[in-house]
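The numbers in this note's numbering rise by one with no breaks, and the one at position 109 of the sequence shown is 379. Below is one structure, written out as structure tokens, with a few remarks after it.
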Amino acid sequence: MNYRTMGKLGIQASAFGLGCMRFNGAASGDSVIDEQKAISLIRRAIDGGVTYIDTAYVYLNKTSEIVLGKALRDGYREKVTIATKMPAEAVKDRASMEALLAEELKKLQTDHIDFYLMHGINKEKWEYFKSIGAPQFFDDMKREGKIRYKCFSFHGPYDQFEYILNDWDWDMVQIQYNFMDINNQAGTKGLELAGSKGIPVVIMEGLLGGRLANAPDNVQALYDAFPVKRTPVEWAFRWLCNHPEVSVVLSGCNEAEQIDENLRIFGTVEAAIMSDEELKLMDDVRAAYISRTKIGCTGCRYCMPCPNGVNIPGIFSAWNNVSLYGIDPKSDWQYRMILEKGNGADNCVGCGACEAACPQHLGIIDGLVSAWKDLNG
């Protein structure tokens, strides 16, 4: 296992961090998690050298922390650092924050949480956390030893990331990042900004929810033509670990073979390990993915709200995702939510209001017709 120094904290962490959001359910269907299998996987990772374990209050219907607590019995707790999270939706004042932290400590069967994160915040949620006194609460809990480091995970545009990062003395940040997201969310600029401040960065969605694990034909052809043979997963993780600002890359695993493969990969990667030729390959891979884009919608939302309730940017995002990554539309949770809420393209009446408002002058009406056909067979 490759170990990396976590920025200004000066502590060592395994480059591979085990994420606890994607464990399989019990075979009987009676439980959100197959507990024994999950415990076995967690301990297998720790035995292999993993020292960073990530979970959250809401993961797997609020059962992930419970199973992790059980896995860390028998001396395993002393071998790792735990990261878990406080969701804004679950707290409204000092008393509710105290109650939530107490509940999480009990579930995890520990007297302290190493990395405590404000969960999935953007500027709006950060302002909310400030309004209920969360920064003072985190400082107090750090002094009392109930948490070691005050952190946040982020989903939002770069300008909001920059604002939040500069607005408080954070110990660590967790961002979505991969070779396709260099200009999305915090992106490369956000990674480098945190690095310049000595703030360690933990990476989530390194495989973009598994979408980068299985390359479509035009991308796989590039990998196959390269003289060094690696799987798409290894190329993605190798690219991430090439960045010196990256402290930990999270990966969720459902099988022992996945644990073992990650242990192998993260035992061979370190900062600045990629050659110029390898970096060029990843640029070409990114371009090959982008070439599969169906429609150049940037999600600016000038077309919204649609008078007939069509979620235009959401549908186009799902259409592009299915084309780029070769995934089943049913596996795109955002698209499932669009359908469940009745915001599908079948509501379009061709009024043209969206096209009149689109700054890119896209053929939205025809695009919705094509997207609907592709996404629904």
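Think of the CB as a built atom: it goes at the ideal place given N, C-alpha and C, for glycine as much as any other residue.
Other residues of its chain near residue i: CB distance less than 8 Å, five sequence neighbours each side excluded
{"i": "I535", "result": "F286, V503, E504, F507, R508"}
{"i": "I635", "result": "C618, G620, G622, C624, E625"}
{"i": "I560", "result": "L594"}
Closest residue to residue i among the options (Cα-Cα distance)
{"i": "Y419", "options": "A369, L482, A456, K355", "result": "K355"}
{"i": "A365", "options": "F407, G569, L387", "result": "F407"}
{"i": "K416", "options": "L371, V361, R347", "result": "L371"}
{"i": "K459", "options": "P405, Y428, D437, G403", "result": "Y428"}
{"i": "K278", "options": "V516, G390, Y398, I391", "result": "V516"}
{"i": "V337", "options": "G318, L311, E348", "result": "L311"}
{"i": "D441", "options": "G465, E548, Q430, V498", "result": "G465"}
{"i": "N581", "options": "S593, S601, D616, G426", "result": "D616"}
{"i": "S521", "options": "P629, R292, G280", "result": "R292"}
{"i": "G566", "options": "P583, K643, K611, A541", "result": "P583"}
{"i": "E414", "options": "S545, I391, D384, I543", "result": "D384"}
{"i": "I445", "options": "E531, L533, M574, G390", "result": "G390"}
{"i": "I309", "options": "L387, M388, N524", "result": "N524"}
Limits of the unbroken alpha helix (DSSP H) element including residue i
{"i": "A491", "result": "487-495"}
{"i": "Q406", "result": "404-414"}
{"i": "D317", "result": "305-317"}
{"i": "D530", "result": "526-536"}
{"i": "I452", "result": "First-last for I452: undefined, no H or E at that position."}
{"i": "I597", "result": "That residue, I597, is in no alpha helix (DSSP H); it is neither H nor E in DSSP."}
{"i": "N436", "result": "428-436"}
{"i": "A615", "result": "Neither: A615 is in no alpha helix (DSSP H) and is coded neither H nor E."}
{"i": "S466", "result": "457-466"}
Span of the beta strand (DSSP E) around residue i
{"i": "V472", "result": "471-474"}
{"i": "W605", "result": "According to the sequence displayed, residue 605 carries Tyr and not Trp. Segment 603-610 is the alpha helix (DSSP H) holding Y605; no beta strand (DSSP E) there."}
For residue i: DSSP bridge partner residues
{"i": "Q444", "result": "S423, V472"}
{"i": "K349", "result": "In the DSSP output, where bridge partners are listed per residue, K349 has none listed."}
{"i": "M356", "result": "M388"}
{"i": "T333", "result": "T333 pairs with nothing; no bridge assigned."}
{"i": "Q282", "result": "T275"}
{"i": "S521", "result": "L288"}
{"i": "D324", "result": "G289, A353"}
Nonlocal neighbours in the same chain, by C-beta distance under 7 Å from residue i, ignoring five residues either side
{"i": "E335", "result": "T325, Y327, T354, E374, K377, L378"}
{"i": "V519", "result": "A285, F286, G287, I473, G476, F507, L510, C511"}
{"i": "G403", "result": "R364"}
{"i": "G537", "result": "M271, N272"}
{"i": "L492", "result": "L551, D554, V555, A558"}
Residue i, DSSP secondary structure in three states
{"i": "L478", "result": "coil"}
{"i": "Q379", "result": "coil"}
{"i": "D546", "result": "helix"}
{"i": "Q630", "result": "coil"}
{"i": "V503", "result": "helix"}
{"i": "Y273", "result": "strand"}
{"i": "L342", "result": "coil"}
{"i": "V516", "result": "strand"}
{"i": "R508", "result": "helix"}
{"i": "D363", "result": "coil"}
{"i": "R418", "result": "strand"}
{"i": "A541", "result": "coil"}
{"i": "G568", "result": "The question names Gly, but residue 568 is Thr in the sequence shown. Coil."}
{"i": "C624", "result": "helix"}
{"i": "K395", "result": "helix"}
{"i": "P583", "result": "helix"}
{"i": "N590", "result": "helix"}
{"i": "M552", "result": "helix"}
{"i": "V639", "result": "helix"}
{"i": "D439", "result": "coil"}
{"i": "A483", "result": "coil"}
Proximal residues to residue i (C-beta, below 6 Å), its chain only, five neighbours per side dropped
{"i": "G596", "result": "P486"}
{"i": "E322", "result": "The displayed chain sequence assigns Tyr, not Glu, to residue 322. Cβ neighbours of Y322 beyond the five flanking positions: A283, S284, G287, T351, V518."}
{"i": "Y398", "result": "A358"}
{"i": "V592", "result": "P599"}
CB contact check: residue i to chain E, cutoff 9 Å
{"i": "R343", "result": "Chain labels in this structure do not include chain E; a single protein chain is all it has."}
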